[in-house]
Structures are given as C-alpha cells and as structure tokens.
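Colleague: Chains H and Z, in that order, give the protein sequences. If you count the first sequence from 1, position 271 lands on 688 in this note's numbering, and the numbers rise without skipping. If you count the second sequence from 1, position 67 lands on 404 in this note's numbering, and the numbers rise without skipping. Even for Gly, the Cβ is constructed at its ideal location relative to N, Cα and C. Could you have a look at this structure, given as structure tokens, before my questions?
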Amino acid sequence: MVFKQENIKNLALVVAEQDVKGRSLWADARKRFFQNKAAVAGMVVLIIVGLFALFGAQVSQFTNDEIDFMVIGQVAELGGPSFASGHFFGTDDLGRDLFARVVQGTQISLMVGVVGAAIAVIAGTLYGATAGYIGGRIDNAMMRTVDILMAVPYMFVIILLLVIFGRSISMLFVGIGLLSWLEMSRIVRGQTLSIKNKEYIEAAQATGVSSFKIILQHIVPNLTGIVAVYATLLVPLMILTESFISFLGLGVQEPDTSWGALIFEGAGTMQYGTLWQLAFPLFFFVITLFAFFFVGDGLRDALDPKDR
Amino acid sequence: MSTSLLKVEDLRVSFSLKSQGDMPWTKSRVLQAVGGVSFELKQGETLGIVGESGCGKSTLARALIRMVKATGRVVWMGDEELLGLSKSQMMKYRSEIQMVFQDPLASLNPRKTVGQIIAEPLRTHNPKLSKDEVVAQVKAMMQKVSLLPNQINRYPHEFSGGQCQRIGIARALIVKPKLIICDEPVSALDVSIQAQVINLLMELQQEMGLSLVFIAHDLSVVKHISNRVMVLYLGKVMEVADRDDLYDNPRHPYTQALISAVPIPDPKIERAKDVILLEGDLPSPLAPPSGCVFRTRCAKAQAICGEIAPELKAPEEKEGTVLALEKESTHRVACHFE
C-alpha cells in the first residue's frame with residue numbers, strides 16, 4: 418500500500434502546529450506518589466475517614482446528644498455494639514449513641530487538624546519567605562520574635578486561654594493557630610535562603626520584578642514541596658494537641674465532643690466491661706494518624722526524589 | 338554606529354565583610370571587587386571582558402544593572418546617569434538592559450513553563466498587553482531563537498542545556514533591549530553548542546542592532562564575538578584594545594600570558610609555542626598588592642611596580658615594532674614598561 422505523501426506531510430504540519438503539553442514537576446511527583454503503596458493506602462483511609470465524618474450523621478439513627486433511656490443504668494449489658502438496637506458502636510456511659518458521637522468527634526478533630534495546619538501553612542510560609550528573602554536586620558528581628566514565641570510553653574498558654582476566655586472551639590483554634598506557624602516559618606525561611614540565591618531569582622530582579630511578586634511567583638511555588646510535606650505531618654500533631662487538651666477536660670464542651678474527649682471517657686469506664694467505649698474512638702484516632710504519616714512520607718519521597 | 342550607548346567611569350564596587358564572631362563595633366574588612374573600571378560601549382558594538390575566576394567580571398556586570406551597590410558613573414545614551422536613579426526611575430532602563438546568565442538551567446524557574454518564563458519581562462514592563470498578544474510575541478521570539486513555538490507549555494527540565502540558554506536569550510530579547518549583558522553565557526555548554534549559541538547571539542545582534550557586554554574566560558570565544566576586549570585582573574583593567582590589536586599585539590604581561598595559554602588546534606604549532614606560565618595564585622582581594630596588582634606574578638616586576646600603580650594609558654611605540662599603532666588607536670594598557 419502506498420501512503421499519500423501529501424497526507425502525511427499535512428499530518429506532520431498539523432502536529433507541529435499544536436502546542437505540546439509539558440510535563441511539570443508536579444506531574445512527575447504525582448506519578449511517584451501513586452507508585453508508593455503505603456501512601457496510597459493512607460490516602461484511601463483518609464478519604465474513608467473524611468466520608469465518615471461528612472455523611473456518618475445520615476447513617477446514624479440517633480443524634481450525639483440523645484439519651485437512650487432503655488440502656489441507661491445497664492450500659493454494660495444492653496449498650497454494647499449491635500445492629501439490632503441501632504447503636505452500631507454501642508453507647509457511652511450516659512446511654513448516648515457512640516456512633517453519632519464518634520462521627521461528631523471526627524468532624525471536630527479533623528477540623529482542628531486541618532485548620533491548624535492551614536494557619537501554619539499560610540502564616541508560616543509568608544512570614545518565613547518574607548524574612549528569608551529580605552534578609553539582614555529585618556530577618557534577624559523577625560526570626561528572634563519567633564524564637565521568643567517558641568520559648569513560651571505553648572500548652573500552658575492554650576490552657577490559660579481556655580481558662581480565661583472560657584472553653585470554646587473557636588478559642589481552641591486561636592490557641593493552636595497562634596503557635597502552629599512558628600516551626601513552619603523557620604523551615605520556610607531556611608529554604609528561602611537557599612532559593613533566593615538561585616539565578617532565576619536574580620534574573621527576575623534584573624528585569625525589575627517587584628519583591629512581592631518574586632516572593633509569590635518564584636519563591637513560594639518552589640517551597641510548596643517542603644510545605645506540603647510538613648503540613649501533612651502537622652495535621653496529626655494538631656489532632657494530638659487537641660486530644661491532649663480534651664483529655665485534660667479543657668477542649669470542646671458537652672454535648673460536642675472530639676476524639677480526645679471520647680478516649681478520655683472511654684478510658685474512665687474501662688474497668689466496667691464497656692471496652693468498646695474506648696476501642697472505637699481510639700481506632701479512628703490511630704488509623705487517621707498513621708494514614709497522615711504515611712501520606713506525608715509518600716509526599717516527601719515523591720516531591721524530593723534526591724533525598725531518598 | 339558611533340553613538341555612545343554606555344559610558345562607564347571609575348566604577349567601583351566594594352563589599353564589607355563581617356565574620357561570625359565580630360562585635361557590632363568591630364571594623365569590617367573591605368573587599369574591593371571592582372576597583373575603578375572605565376570603558377565606553379558604542380551602539381552595535383560588543384565588548385568582551387576576560388579575566389580569571391574571581392577578578393570581578395560578574396560583579397562588574399551586576400553593578401551595571403544595579404544588582405550590587407557601586408560608585409562611579411554609568412552614563413546611558415550620553416545623558417542619563419544610572420547609578421543615581423531611584424528604583425522606579427531605573428525601571429525604564431531595566432527593559433533596555435537585559436542579562437543572560439551563566440547556568441542555563443539554574444536561571445529558569447523549574448516550576449514555570451517556558452512561555453511563562455519568556456513572558457515575564459514583557460508582563461513586567463507592558464502590563465497592559467492582553468494574554469493573546471503576549472503568547473503571540475513569545476511564540477515569535479521562540480521562533481527567532483530557533484526553538485519550536487509549539488513547545489511553549491513545556492518545562493525547563495525537558496530541554497537540553499543549549500535550548501535552555503536559548504530560552505534565556507529569548508527572555509532577554511523579548512522586551513527589545515538595546516544592551517545585553519552576557520555573564521559567561523556559554524561556559525556551561527559543550528563546544529559545539531557554544532558555537533550555536535554564540536552564532537545565534539551574533540545573528541540577533543545584527544538583526545536587532547544590539548550591543549553586547551560579553552563576559553567569558555574563554556579567550557577564543559571572546560575573540561570570535563567581540564569588537565573590543567578588556568582584560569581584568571583583581572578588579573582592575575590591565576589592558577583594553579580592539580580585538581585584533583589585542584590578540585596580535587598584547588602589551589601587558591598578563592595579557593601576553595593569557596593569550597599564550599590559549600590552545601591552538603594544531604599539534605605542531607601547539608608543541609612549538611612558548612607558554613608563559615604564571616606562578617602563584619591570584620592574591621587575596623582583601624589584601625591586594627600595593628602598586629600594580631599584578632606585580633606579585635609578573636616576570637617584569639621592578640621596585641617601581643610596588644610603589645606606584647600604573648595608569649591606563651596608550652602604550653609607547655617601541656622601535657622595531659612592525660605593527661605600528663595608528664594615531665587614534667584605542668589601545669590602552671596599565672603597565673610601567675609599555
């Protein structure tokens with residue numbers, strides 16, 4: 418068979434006309450990330466936990482503050498997990514549905530983690546990048562401020578805040594947000610110092626791009642790798658902090674709850690034969706933390722293949 | 338051709354160094370990177386700047402575009418003094434003076450597409466241009482530097498070193514500058530690619546009437562592209578002359594040593610020729626030698642060299658020199674014995 422040469426030539430021309438799609442560093446990293454089985458498993462777990470938090474309330478037959486008077490006083494005998502009674506995870510010591518409470522606790526805990534990490538990412542990145550890029554005295558002043566803030570025992574501050582202004586979830590966000598960005602700003606500043614001496618920054622300066630634009634368009638995109646990794650590792654830390662505060666009895670207020678508060682209650686009633694009250698919240702707590710750490714590890718390997 | 342584009346007078350750059358343990362009141366040591374350089378660049382001309390590592394070539398380039406603080410005068414187009422301008426006044430000239438960098442890949446942001454990289458100066462200096470116009474101009478410029486315009490969405494790591502350098506050139510040319518400062522643009526490339534990039538630069542220079550300041554440490558490359566050549570040593574001008582004049586008739590002992598070290602691609606000549614070996618290392622710029630900075634390594638050094646720094650002046654004519662210098666020769670040399 419003889420090909421029509423003209424057709425082939427035309428085809429070549431058409432192909433040459435079309436813009437080739439480039440493969441960005443992100444696309445490469447995504448491919449490496451999806452080859453990492455532990456990280457993908459972690460992500461699947463996170464998605465499931467997220468769906469559980471979002472839609473669990475629809476499945477539940479009770480609300481988180483509804484007391485089932487049938488089981489009250491006989492929780493150890495009647496309040497166990499069963500499909501027949503509608504208490505999938507059993508009830509807590511007061512006869513409230515544990516499934517509904519775990520759903521609601523998951524919402525709060527994930528929110529604390531994500532909001533805390535988001536504050537850290539935004540404030541820490543901008544603060545650190547600005548300090549690193551400007552350098553000199555301003556850098557010194559900015560970073561010494563961070564050092565001073567870090568020297569303050571943060572748990573003490575959060576507890577004081579909660580005691581003085583009353584226990585509320587927004588106060589908890591303020592407390593965690595105030596402190597979470599410190600470490601992040603240090604890491605970002607260190608990276609910025611190495612990026613700002615690259616020739617492409619110099620090229621941008623030479624052509625007259627403003628400092629603000631250089632930070633936003635050249636430095637921050639090159640920081641996103643390390644920031645993404647650190648943020649995923651920060652989320653479980655935030656969750657742990659919140660859990661600890663709730664465990665001390667200071668975090669969220671009844672009837673709202675969180676993983677830490679649920680684990681605290683469950684641990685208190687362990688010896689009465691109601692082990693499920695500890696087991697279910699603890700299970701979600703542990704798998705979520707593990708999943709975040711695996712995803713964080715996967716991201717680090719994917720974004721920085723040199724460091725493996 | 339003859340109008341002066343850039344006139345530099347007594348340009349000096351010095352850095353003050355502080356070591357870690359110093360107290361705030363400790364006097365910092367001063368490193369003079371560029372010590373009083375003067376030259377003039379005409380429109381359409383190429384000035385080559387050569388010298389060994391650490392002699393202040395790159396600092397000189399950065400001082401011209403005010404990336405480092407400098408004193409002296411840099412006169413642009415005969416009327417505007419660049420060093421005294423404010424940041425916003427300088428913006429106007431930033432589009433007329435562009436720079437090409439040494440490391441082709443490192444000078445391109447790895448997170449941006451080639452199109453975004455080339456468009457950056459354009460978007461900075463003409464923010465009113467519509468997106469389509471920017472893309473059209475970027476594609477036209479890519480064609481000009483012989484890159485395929487359909488690769489506009491690719492990322493720098495997908496290109497070879499030579500292609501990356503052409504992207505760098507395209508980025509410099511897109512705002513139609515009058516002067517391009519090339520800071521060792523080819524020293525990171527292999528020889529065949531060097532030729533491509535240099536010939537491209539020369540073609541574009543012809544086409545767009547550009548002036549170039551071409552910094553390199555490869556003398557053959559400089560010979561190929563330059564009209565005039567300036568030799569730097571420890572931040573000072575040793576000799577400056579028209580290209581042929583300098584290569585055929587080097588007057589300064591340092592220039593003679595440099596030129597004698599250029600390899601000639603013919604083994605017979607190469608074996609027969611005398612290479613003037615320079616002994617020792619470049620002296621520390623923190624404590625430059627008194628008098629003539631080159632005297633510590635110079636074969637002709639005498640007592641006077643340690644006392645008086647030689648001025649840059651036209652060399653005296655020697656008897657028996659066949660290549661008699663023309664009257665209005667621009668050859669200048671800083672040596673007591675020339």
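Chain H beta carbons: is any one of them nearer than 8 Å to that of F352/Z?
Modeller: F352/Z does not count as touching chain H.
Colleague: Under 8 Å between C-beta atoms, does P464/Z make it to chain H?
Modeller: No, P464/Z does not count as interfacial toward chain H.
Colleague: Quick check on V439/H - is its C-beta less than 8 Å from some C-beta in chain Z?
Modeller: Val is not the amino acid found at residue 439/H; the sequence shown has Gly there. So, interface residue.
Colleague: Closer than 8 Å, CB to CB, is Y617/H near chain Z or not?
Modeller: Y617/H counts as touching chain Z.
Colleague: Can you say whether K515/Z is buried or exposed, counting buried as having 16 or more other CB atoms within 10 angstroms of its CB?
Modeller: Buried.
Colleague: So which residues on chain Z does G607/H lean against when the C-beta distance must stay under 7 Å?
Modeller: Here the premise fails: no neighbours, minimum Cβ distance about 17 Å.
Colleague: Could you tell me whether the Cβ of L445/Z comes closer than 8 Å to any Cβ of chain H?
Modeller: Yes, because at least one Cβ of chain H sits closer than 8 Å to the Cβ of L445/Z.
Colleague: Output yes or no for whether 8 Å exceeds the beta carbon distance between L556/Z and L619/Z.
Modeller: No, Cβ-Cβ distance for L556/Z and L619/Z is not below 8 Å.
Colleague: In whole angstroms, give me the CA-to-CA distance for T667/Z and F376/Z.
Modeller: Cα-Cα distance, rounded: 11 Å.
Colleague: Could you tell me which whole alpha helix (DSSP H) segments of length 4 or greater appear in the region 666-691 of chain H?
Modeller: Taking only runs of at least 4 residues, the alpha helix (DSSP H) segments lying wholly in the region 666-691 of chain H are 676-685.
Colleague: Just mark K465/Z as buried or exposed, buried being the case when its beta carbon has 16 or more other beta carbons within 10 Å.
Modeller: Looking at its Cβ environment, which holds fewer than 16 other Cβ atoms inside 10 Å, K465/Z is exposed.
Colleague: So, for P647/Z: in the same chain, excluding its five sequence neighbours on each side, which residues have a beta-carbon less than 7 Å away from its beta-carbon?
Modeller: Excluding residues within five positions, the ones whose Cβ falls inside 7 Å are C629, A671, C672 and H673.
Colleague: I need the DSSP call for F711/H, collapsed to helix, strand or coil.
Modeller: In this structure, F711/H counts as helix in the three-state DSSP scheme.
Colleague: DSSP on N784/H, reduced to helix/strand/coil?
Modeller: Outside the displayed span of chain H (418 to 725) sits residue 784/H, for which this structure offers no information.
Colleague: I want to verify the contact list: residues of chain Z whose CB lies under 8 Å from the CB of Q622/H, in sequence order.
Modeller: In chain order: M404.
Colleague: T674/H and G522/H - do their beta-carbons sit closer together than 8 Å?
Modeller: Yes, they are a contact pair.
Colleague: Output the distance between the C-alpha atoms of G459/H and G467/H, rounded to the nearest integer angstrom.
Modeller: C-alpha separation (whole angstroms): 12 Å.
Colleague: Sorted by chain position, which residues of the same chain lie with C-beta nearer than 8 Å to L541/Z's C-beta, five sequence neighbours on each side aside?
Modeller: Once the five neighbours on either side are set aside, the close Cβ partners of L541/Z are K481, V482, I506, L510 and L547.
Colleague: Under 8 Å, Cβ to Cβ, is there at least one residue of chain B near N557/H?
Modeller: In the structure shown, chain B does not exist; the protein chains are H and Z.
Colleague: Alpha carbon to alpha carbon, what distance is there between A620/H and H635/H?
Modeller: Cα to Cα, H635/H sits roughly 11 Å from A620/H.
Colleague: Pull up the CB-CB distance for T508/H and V492/H, whole angstroms please, since I reckon it's below 8 Å.
Modeller: Contact holds; Cβ gap of about 6 Å.
Colleague: Which residues mark the beginning and the end of the alpha helix (DSSP H) in which M539/Z is found?
Modeller: V528 to M545 is the span of the alpha helix (DSSP H), which, as asked, contains M539/Z.
Colleague: Would DSSP call S432/Z helix, strand or coil?
Modeller: Residue state, collapsed to three classes: coil.
Colleague: For E346/Z, report the span of its alpha helix (DSSP H) as first-last.
Modeller: Where E346/Z is concerned, there is no enclosing alpha helix (DSSP H), although the beta strand (DSSP E) it sits in stretches over S341 to L354.
Colleague: Please list the partners that L633/H has in chain Z, where partner means a Cβ-to-Cβ separation under 7 Å.
Modeller: Within 7 Å Cβ-Cβ: nothing; L633/H doesn't reach chain Z, min ~12 Å.
Colleague: Is any heavy atom in the ligand NAD found nearer than 7 Å to the beta carbon of V350/Z?
Modeller: By its list of ligands, the structure shown contains no ligand whatsoever, and the ligand NAD lies outside what it can speak to.
Colleague: Whole angstroms is fine: what's the gap from G553/H's alpha carbon to R508/Z's?
Modeller: Each residue's alpha carbon lies about 30 Å from the other.
Colleague: Please name the residue or residues paired with E418/Z in a DSSP beta bridge.
Modeller: Its beta-bridge partners are V412/Z.
Colleague: In angstroms with no decimal places, state the Cα-to-Cα distance between L471/H and I575/H.
Modeller: Between L471/H and I575/H, the C-alpha separation is close to 28 Å.
Colleague: When the distance is taken between beta carbons, is G415/Z closer than 8 Å to S341/Z?
Modeller: In this structure, G415/Z lies closer than 8 Å to S341/Z by Cβ.
Colleague: 8 Å is my cut-off, CB to CB: does D401/H come that close to chain Z?
Modeller: The displayed coordinates of chain H run from 418 to 725. Any statement about residue 401/H would go beyond what the structure contains.
Colleague: Between which residues of its own chain and I596/Z is the CB-CB distance below 6 Å, once the five residues before and five after are set aside?
Modeller: The answer, listed in chain order, is P587.
Colleague: Three or more C-beta pairs under 8 Å: does that hold for the region 658-678 of chain H against the region 523-538 of chain H?
Modeller: Cβ pair count under 8 Å is three or more, so yes.
Colleague: Does the region 577-591 of chain H come close enough to the region 678-698 of chain H that 3 or more CB-CB pairs lie under 8 Å?
Modeller: In short, these stretches do not touch, since the Cβ pair count stays below three.
Colleague: Once DSSP output is grouped into helix, strand and coil, what is the label at E377/Z?
Modeller: DSSP places E377/Z in strand when its eight states are reduced to three.
Colleague: On the three-state DSSP scale, how would you describe N446/Z?
Modeller: In this structure, N446/Z counts as coil in the three-state DSSP scheme.
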